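To start, the structure itself, in structure tokens.
In my numbering, the protein residues as written are 983 to 1238.
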């Protein structure tokens, strides 16, 4: 099914996303750090937002929600578990539910770790994963509320999706995340090649997202807990479990 994806830079380094399904003229916005750039993009194309999907409660993902909803009439959808700290929701959802959006049946996935109550949205027909601040391009979100085990479980679930899935994360952090990955494995050719590509993209002031999940699985240290090369690079014993590898990598990233 053909959908058009817009990546809209907001604030200093945030992204909002718009998915437009031409066949049904359905327009969905995922997270709204600020309303004006999103409204501008919609107006330029003659689209009217029908739904706003929220991943989590942090201000840099929701501050523009009410203004966008007021301007367009879009209904606001978010996690039932997070409803007490989100803008007023028109529809509360829980992990495991599916949303009928146009011709899509969007899956609501649990994404605890960065926050508790964080959710993600998977569009199986469009091959799109809106991961908010859980799985990031070449990284993962900081553990503000959840545990390392929760984030590891979240990323493990995402890893089961098709490799061609496009990961749409909430920030332009790819180059910084890549510098961290290379600090652990400076001679890894996959990381070196990816960094060259990322720097070329950023030199043109283009977004580095979305990114294919298969590339994340090959290069993102937070998805490689079972890789013996990464485990050795972190100085962990052979007995270290994948979640222990993840925990060590996340602790190092916090200090990086």
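Note that CB positions come from ideal geometry on N, CA and C, so glycine has one too.
Being a predicted model, the structure only gives us computed values, none of them experimental.
Note: residue 1057 is bridge-paired with 1033 in the DSSP secondary-structure output. Around the CB of residue 1092, 16 or more other CB atoms lie within 10 Å, so the residue is classed as buried.
Per DSSP, the unbroken beta strand (DSSP E) holding residue 1080 starts and ends at 1080-1083. Shown here for residue 1079: same chain residues with a beta carbon closer than 7 Å to its own, the five before and five after excluded, namely 1090 in chain order. For residue 1134, the three-state secondary structure derived from DSSP is helix.
For residue 1098, no beta strand (DSSP E) segment is defined, and its DSSP state is neither H nor E. Residue range 1008-1012 is occupied by the beta strand (DSSP E) that includes residue 1010.
When secondary structure is reduced to three states using DSSP, residue 1141 falls in the helix class.
According to DSSP, residue pairing for residue 1183 in a beta bridge does not occur. Taking all protein chains in view, the Cβ of residue 1108 is crowded by 16 or more other Cβ atoms within 10 Å, so the residue is classified as buried. Put simply, of 1032, 1094, 1099 the residue whose alpha carbon is nearest the alpha carbon of residue 1064 is 1099.
Beta-bridge analysis with DSSP links residue 1073 to 1059.
Counted as a single uninterrupted DSSP element, the alpha helix (DSSP H) harbouring residue 1043 occupies residues 1041-1044.
Residue 1153 is bridged by DSSP to 996. Residue state for residue 1123 is assigned as coil, using DSSP reduced to three classes.
The criterion of a C-beta distance shorter than 8 Å is satisfied by residue 996 and residue 1152. Per the C-alpha coordinates, the member of 1204, 1009, 1210 positioned closest to residue 1084 is 1009. Per DSSP, the unbroken alpha helix (DSSP H) holding residue 1228 starts and ends at 1224-1237. For residue 1014, same chain residues with a beta-carbon under 7 Å away, outside a window of 5 residues either side, are 998, 1020, 1034, 1044, 1046, 1047, 1050 in chain order. A direct Cα-Cα distance of roughly 22 Å separates residue 1187 from residue 1163.
In the three-state reduction of the DSSP assignment, residue 1146 falls in the coil class, being assigned neither a helical nor a strand state. With a cutoff of 8 Å on beta-carbon distance, residue 1172 and residue 1201 are scored as near each other. Residue 1157 sits close to residue 1180, with the two beta carbons spaced by under 8 Å.
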